[in-house]
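In the working numbering, the protein residues as written are 377 to 668.
The next block holds one structure in the form of structure tokens; read it before the comments.
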Amino acid sequence: MLDTSKLMLNKGSLNGHVIIVTGGGTGLGKTMAHCFSQLGAKVSIWGRRKDVLENTASEIEKLTGTKVLPLSCDVRNYDEIENALNLCISELGEISGLVNNAAGNFISPTERISHRAFDIIIDIVLKGSKNCILALGNYWIKNKKQGNVLSITTTYATTGSGYVVPSAAAKAGLLAITKSLAVEWAKYNIRFNTISPGPFPTKGAWDRLFPEILREKLDFTNKIPLKRVGEHYELANLASFLMSEFSSFINGEEIIIDGGEWLKGAGEFNFLDMISNDEWTEIEAIVRNAKS
Ligand code: HXC
Ligand code: NAP
């Protein structure tokens, strides 16, 4: 559960906000929902599994005393999204924000993925987010209300990555929607940003992306300059800032929170941190001698 003693915003910072978090029943979505609720927002959590959503909603409500509305829906189906949105408005009132967090993903060599499985990932991540953005966007535009959309992408939305190709394609598309609508819909007072997290332990991601058999072989914290994975409160603080008025001039940004992981992979000579001091002395002598 989220350690609320580590939250950066004051209690009440999100009073008056009503925020939808897709995939809010588990993992990072649950953490963000808890954080928003702790800060005073009414939250609606969406996902496919009703029992998971109901348990999470009552767990958060008990801790924060603020209304959490669980709504079972599949983000791939536009009609289900419109129904959920209408229920949400009638139960919680005017919606102020959307967090596109629901996702599907698994590691696999691409040639082992069927065209159906490829479609499923694109449908959940890209089309599902598009469905929520269109439904909420049209509601905000029609009712002349301001809106705020935060999407959870990944660092490989920009770099691409083998072994998660459907997810990389879908997250790249979501990043493109974000940057496009941040400009186009600014005239309606709707802003768009993304957070691209590095590894943050959740059951959903770990079971599908870092299974035990891989964890035994590879210590992936070595890829991260800060030598550790992310802590949930770190992401929750960033998300709550982006959903609050304190970030009202931030629009169209991708904010990376990964301990420097992707830069380490990108920098030409970053692999040299494996060289010892003695080896550097030897290398320096050789390099200084290069002229001769
Ligand atoms: C190859 C696979 C597979 C695998 C499933 N499939 N697992 N193919 N390798 N390991 C294929 C199936 O054979 C099937 O294709 C198709 O995928 C759909 O599988 P189902 O189990 O029938 O579908 P469904 O129950 O809807 O499950 C969807 C899912 C599942 C995406 C496959 O993983 C899921 O529900 N995920 C939701 C949560 C999640 O993924 N969380 C992680 C997000 S983490 P065929 O052709 O046989 O019908 C994340 C972090 C990224 O994104 C960055 C980390 C640093
Ligand atoms: P998670 O716990 O598995 O969360 C995924 C959520 O999406 C689940 O609650 C799931 O609920 C929901 N979902 C999946 N398919 C759906 C559908 N068709 N309709 C509605 N809801 C659906 O994984 P997580 O690690 O917290 O991931 C959350 C987000 O962070 C994702 O966008 C992921 O790509 C991103 N991310 C995570 C990490 C990480 O290290 N954890 C890193 C980078 C990015 P149901 O199964 O009940 O539908």
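We put the CB at the ideal spot given by N, CA and C, even for glycine.
Within the model, the alpha-carbon separation for F482 versus V540 is close to 7 Å. Annotation for F647: no beta strand (DSSP E) segment contains it, and DSSP assigns it neither H nor E. The beta carbon of G403 sits closer than 6 Å to those of T578, G580, all from its chain and outside the five residues before and after it, given in chain order. With a minimum length of 3 residues, the unbroken runs of beta strand (DSSP E) contained wholly in the region 563-642 fall at 566-573, 630-633. When the Cα atoms are used, Y532 and H608 turn out to be separated by approximately 20 Å. Counting every other CB atom within 10 Å of its CB across the protein chains shown gives Q414 a total of 16 or more, marking it as buried.
The continuous beta strand (DSSP E) containing S420 extends over residues 418-423. Here the region 450-460 makes no contact with the region 600-618; the two share fewer than three CB pairs at distances below 8 Å. Under the DSSP assignment, T534 falls outside any beta strand (DSSP E), being part of the alpha helix (DSSP H) whose first and last residues are 532-535. Look at G480 here: in three-state DSSP terms it is coil, with no helix or strand label. Membership of N519 in any beta strand (DSSP E) is not indicated, and neither H nor E is assigned to it by DSSP.
If you draw a straight line from the Cα of D450 to the Cα of S652, it is about 52 Å long.
In the structure shown, G523 adopts extended strand secondary structure according to DSSP, grouped into three states. Within the chosen limit of 7 Å, the ligand NAP does not reach the beta carbon of A417 with any heavy atom. With respect to the C-alpha of W561, the residue from L512, Y454, F617 having the closest C-alpha is L512. Around the beta carbon of N665, fewer than 16 other beta carbons sit within 10 angstroms, so the residue counts as exposed. If you ignore the 5 residues before and after N646, its C-beta comes within less than 6 Å of the C-beta of K640, all in its own chain and listed in chain order. The beta-bridge partner set that DSSP reports for P485 is empty. If you ignore the 5 residues before and after N391, its C-beta comes within less than 6 Å of the C-beta of G416, all in its own chain and listed in chain order. When DSSP reads this structure, G473 sits in a beta bridge with I395, N524.
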